[in-house]
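Data first, discussion second: the structure below is written as C-alpha cells.
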Amino acid sequence: MSDQMSDDATASARVGWNEQYALHVNDEVREVRDAWVGESLLFVLRERLGLMGTKGACEQGECGSCSVMVDGELVCSCLVMAASAVGQRILTIEGIAPIGAPSDVQRAFVDAGAVQCGFCTPGLIMAAHDLLERSVQPSEIEIREELSGNVCRCTGYGRIIEAVQRVSVNRRAGAST
Amino acid sequence: MPVLVPTTLDEAVSAMAADPDAMVLAGGTDTMVEVNAGHRRPSCVVVVNRVSEMRSWTYDPVAATVRIGAAVTYAELLEPPLATLLPALAEASRTVGSPQIRHAGTLGGNLGTCSPAGDGLPVLSALDAVVPLASTAGERSMSVHDFMVGVKRTAREPGELITAVTVPVLSGWQGYAKVGVRNAMVIALATACVAVDTASASVRLAIGSVGPTILRCAQAEAFAASAVDFAASSASADAVRRFAELAAAASHPIDDHRASAAYRRHAIGVLASRLLRRAFPNE
Chain A
159 MSDQMSDDAT ASARVGWNEQ YALHVNDEVR EVRDAWVGES LLFVLRERLG
209 LMGTKGACEQ GECGSCSVMV DGELVCSCLV MAASAVGQRI LTIEGIAPIG
259 APSDVQRAFV DAGAVQCGFC TPGLIMAAHD LLERSVQPSE IEIREELSGN
309 VCRCTGYGRI IEAVQRVSVN RRAGAST
Chain B
362 MPVLVPTTLD EAVSAMAADP DAMVLAGGTD TMVEVNAGHR RPSCVVVVNR
412 VSEMRSWTYD PVAATVRIGA AVTYAELLEP PLATLLPALA EASRTVGSPQ
462 IRHAGTLGGN LGTCSPAGDG LPVLSALDAV VPLASTAGER SMSVHDFMVG
512 VKRTAREPGE LITAVTVPVL SGWQGYAKVG VRNAMVIALA TACVAVDTAS
562 ASVRLAIGSV GPTILRCAQA EAFAASAVDF AASSASADAV RRFAELAAAA
612 SHPIDDHRAS AAYRRHAIGV LASRLLRRAF PNE
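Residue numbers (my numbering), protein chains in the order written: chain A, 159 to 335; chain B, 362 to 644.
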C-alpha cells in the first residue's frame with residue numbers, strides 16, 4: 159500500500175466535476191462519491207466518510223479543532239481542498255489509536271484533567287502527538303507555541319500543557335529502562 | 362469544476378492556459394476560507410503545492426540571491442539554512458498563524474493574496490525582491506513593488522502563475538516586528554521590516570497594514586543612512602526617535618474593526634524605533 163501511495167503522490171491528478179476520487183485515510187483507501195470537488199477535507203471526512211472525530215468550528219483555520227496530518231504535516235483540514243489531497247497520506251484522530259486502547263497522549267489528557275467539554279480535544283491530541291514526535295523534551299514555551307493554533311474555551315490550557323509534559327516524562331522514563 | 366494537481370511547472374502552466382481564470386490553490390489558508398464561506402465558487406482549480414519547481418529553493422552565492430519557489434511554506438522559511446540567509450523572512454514567517462497554518466501557507470500565496478497585512482510582504486519589499494511569473498508565453502519578472510498593485514490586487518495576468526520570489530541576500534542586520542492582539546494566530550495591525558545593507562551603507566524600512574499595499578519609507582531610510590554609524594553599529598537616541606517619527610508619518614492607515622488609524626500610526630513608530638535600535642544597538 160505504501161508503494162501505491164508514493165506512486166500516487168508523484169503523479170499528477172485530475173478530479174472532474176462530480177467524479178469520484180479516492181483518499182488515503184488512516185491507511186485505508188476511501189472512495190468519495192457524488193461530492194462537489196471544492197469541499198474541504200474537514201467536510202469530506204465528516205459528511206462523506208463518516209469520520210466524526212475531526213471537529214469543525216471556525217472553518218477558517220483559526221481554532222485548530224479540525225487538525226489532521228497530511229503527508230506528515232499537521233494542518234487544518236478545513237483549509238485543505240479534499241480533492242487536492244488525492245494521493246497524500248491523511249491521518250485523523252481515528253487513526254491515532256483503536257477505540258478502547260487510547261494512546262499515551264490520550265491517556266495523559268484524561269489523567270491530567272485536560273478534557274472538559276471535549277470539543278477541542280481531538281485537534282489538541284493531533285497537535286500534541288505531532289509535537290512529541292519531533293521534540294522529546296519540549297519546554298513549556300515550546301508546548302505553548304506548538305499548541306497556539308488550537309483554541310480551548312474550557313480548560314485555560316494549564317492541564318493540557320501538564321498532559322503533554324507527563325507524556326514527555328513517561329516516554330523518556332520508558333526509553334531509559 | 363475540475364481540480365488539477367500538477368507535479369511539474371509545464372503541466373501547471375498548461376492548465377492555466379486552458380482556463381486562464383482558474384483559481385490557483387497553494388496552501389489554501391486564504392483561498393479555502395473564501396470557498397468555505399461560499400464567497401468563491403471557482404470554475405477550475407489548479408493546485409500548485411505539489412509542483413516540484415515551485416516546492417524548492419536555490420541559493421546563488423555569486424548573485425547573492427535566493428530564489429524561493431512560490432509553494433515553499435512558512436514552516437520551511439523559518440528553519441535554517443533559509444532562516445540564516447534571510448533572517449527577517451524567518452522572523453516574519455514565525456509570526457504567521459499557527460503551526461498548522463505555517464505548514465500549509467506559502468510565500469507565493471502571500472503574494473497572490475496581496476493583503477496589506479501579509480506578513481512576508483514587508484520583508485520582500487524591504488529586500489527589493491523580484492517576482493517571476495510564468496505562462497505559456499514564457500516567463501517575465503517584475504519588482505515586488507510593481508507586483509503589489511492595491512488591496513488584494515496584483516499585476517498577475519489571467520493565465521499566469523507566480524512561480525517563485527527572488528530575494529537578495531544583504532550584508533547587514535535585518536528584522537521584522539508585528540503588532541496584533543495576541544502573539545499567535547493574529548492578523549497584523551501594524552508591521553515593519555528593517556534591513557541594513559552595509560555594502561551600500563543603506564537602511565531599508567517597509568511597513569505593512571497601514572496602507573493599500575506595503576509602503577517603503579524613503580525619508581526615514583535616507584535619514585537613517587546619514588544618521589547612523591554603520592562601522593560602530595550605533596545610533597543616537599535622537600536618531601532613533603526621528604526615524605520613528607518619519608516612519609509613522611509615512612504610514613497611511615485607516616480606521617477599521619481591528620484598530621484605529623491613530624493606534625496603527627503610533628504602532629509603526631514604536632516598531633520602527635525598536636527595529637532600528639536592534640540593528641544599531643550602541644548609542
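Every residue gets a Cβ at the ideal spot worked out from N, C-alpha and C, and that includes glycine.
Can you look up residue i in the DSSP assignment and give me helix, strand or coil?
i: Ser595 (chain B); result: strand
i: Arg172 (chain A); result: strand
i: Val226 (chain A); result: strand
i: Met393 (chain B); result: helix
i: Leu636 (chain B); result: helix
i: Met546 (chain B); result: coil
i: Pro477 (chain B); result: coil
i: Pro367 (chain B); result: coil
i: Arg292 (chain A); result: helix
i: Met159 (chain A); result: With a pLDDT of 36 at Met159 (chain A), under the threshold of 50, the predicted position of this residue should be treated as unreliable, though the coordinate-derived value follows. Met159 (chain A): coil per DSSP, three-state reduction.
i: Pro381 (chain B); result: coil
i: His613 (chain B); result: coil
i: Asp166 (chain A); result: Its pLDDT being 48, under 50, Asp166 (chain A) is placed unreliably in this model, and the value from its coordinates should be taken loosely. In this structure, Asp166 (chain A) counts as helix in the three-state DSSP scheme.
i: Ala373 (chain B); result: helix
i: Thr313 (chain A); result: coil
i: Leu447 (chain B); result: coil
i: Thr434 (chain B); result: strand
i: Leu607 (chain B); result: helix
i: Leu181 (chain A); result: strand
i: Val412 (chain B); result: coil
i: Ala563 (chain B); result: In the sequence as presented, Ala is not what sits at residue 563 (chain B); that position holds Ser. It is a strand residue.
i: Gly281 (chain A); result: helix
i: Gly572 (chain B); result: coil
i: Val631 (chain B); result: helix
i: Ser454 (chain B); result: helix
i: Gly253 (chain A); result: helix
i: Arg402 (chain B); result: coil
i: Leu386 (chain B); result: strand
i: Val195 (chain A); result: coil
Looking at the unbroken beta strand (DSSP E) that takes in residue i, where does it start and where does it end?
i: Ser326 (chain A); result: That residue, Ser326 (chain A), is in no beta strand (DSSP E); its alpha helix (DSSP H) goes 316-334.
i: Arg428 (chain B); result: 426-430
i: Asp421 (chain B); result: 418-421
i: Ile301 (chain A); result: Unbroken run through Ile301 (chain A) is the alpha helix (DSSP H), 298-304; no beta strand (DSSP E).
i: Arg265 (chain A); result: Run containing Arg265 (chain A): none in the beta strand (DSSP E); it sits in the alpha helix (DSSP H), 262-269.
i: Pro493 (chain B); result: 491-496
i: Ala644 (chain B); result: The residue asked about is misnamed: residue 644 (chain B) is Glu in this sequence, not Ala. Where Glu644 (chain B) is concerned, there is no enclosing beta strand (DSSP E), given that its DSSP letter is neither H nor E.
i: Glu186 (chain A); result: 186-190
Taking Cβ-Cβ distances shorter than 8 Å, what residues in chain A pair up with residue i?
i: His464 (chain B); result: Glu231, Leu232, Val233
i: Arg402 (chain B); result: Gly196
i: Gly458 (chain B); result: Gly219, Gly307
What is the residue span of the alpha helix (DSSP H) that residue i lies within?
i: Gly470 (chain B); result: 468-474
i: His649 (chain B); result: Outside the displayed range of chain B (362 to 644) lies residue 649 (chain B), so it cannot be described from this structure.
i: Ala583 (chain B); result: 579-588
i: Leu249 (chain A); result: Premise fails: Leu249 (chain A) lies in the beta strand (DSSP E), 247-249, not in any alpha helix (DSSP H).
i: Ala487 (chain B); result: 482-487
Please list, in chain order, the chain A residues whose beta carbon lies closer than 7 Å to that of residue i.
i: Ser597 (chain B); result: Under the 7 Å cutoff, chain A gives no residues; its nearest Cβ is about 35 Å from Ser597 (chain B).
i: Met546 (chain B); result: Glu220, Ser306, Gly307
i: Pro519 (chain B); result: Within chain A, no residue comes near Pro519 (chain B); the closest Cβ sits about 20 Å away, beyond 7 Å.
Show which residues of chain B have a CB atom less than 7 Å away from the CB atom of residue i.
i: Ser242 (chain A); result: Val364, Val366, Leu386, Val408
i: Glu217 (chain A); result: Asn397
In chain B, which residues lie less than 8 Å from residue i when you measure between Cβ atoms?
i: Cys236 (chain A); result: Met393, Asn397
i: Ala169 (chain A); result: Thr368
i: Ser225 (chain A); result: Gln461
What does residue i touch in chain B if you count any residue whose Cβ is under 9 Å from its own?
i: Met239 (chain A); result: Val364, Leu386, Gly389, Thr392, Met393, Val396, Val406, Val408
Give the residues of chain A in contact with residue i, contact being defined as C-beta atoms less than 9 Å apart.
i: Glu372 (chain B); result: Ser170
Original post:
Do the region 265-274 of chain A and the region 502-519 of chain B meet, that is, are 3 or more Cβ pairs less than 8 Å apart?
Top reply: no
Subject >> Cβ contact check for the region 407-417 of chain B and the region 427-439 of chain B: 3 or more pairs under 8 Å >> reply: yes
Subject >> In chain order, each beta strand (DSSP E) run of at least 3 residues that lies wholly inside the region 503-558 of chain B >> reply: 509-511, 525-529, 535-540, 551-558
Original post:
Do the region 384-397 of chain B and the region 449-468 of chain B make contact, defined as three or more Cβ pairs closer than 8 Å?
Top reply: yes
Original post:
Curious, which full-length beta strand (DSSP E) runs of at least 3 residues does the region 197-242 of chain A contain?
Top reply: 225-228, 231-234
Original post:
Are at least three pairs of beta-carbons, each pair with one atom in the region 586-600 of chain B and one in the region 513-524 of chain B, less than 8 Å apart?
Top reply: no
**OP:** Decide if the region 521-532 of chain B is in contact with the region 485-505 of chain B; the criterion is three or more beta carbon pairs, one per stretch, under 8 Å apart.
**Re:** yes
Original post:
Should the region 289-297 of chain A be called in touch with the region 437-455 of chain B, which here means at least 3 C-beta pairs below 8 Å?
Top reply: no
**OP:** Could you tell me whether the region 472-489 of chain B touches the region 570-589 of chain B, using the rule of 3 or more Cβ pairs below 8 Å?
**Re:** yes
Original post:
Does the region 179-192 of chain A touch the region 227-234 of chain A, meaning 3 or more C-beta pairs lie closer than 8 Å?
Top reply: no
Original post:
Quick one: any contact between the region 312-320 of chain A and the region 250-259 of chain A, if contact means 3 or more CB pairs under 8 Å?
Top reply: no
Original post:
Is the region 623-641 of chain B in contact with the region 599-615 of chain B, if contact means three or more CB pairs nearer than 8 Å?
Top reply: yes
Original post:
Does the region 215-224 of chain A come close enough to the region 233-246 of chain A to have 3 or more Cβ pairs within less than 8 Å?
Top reply: yes
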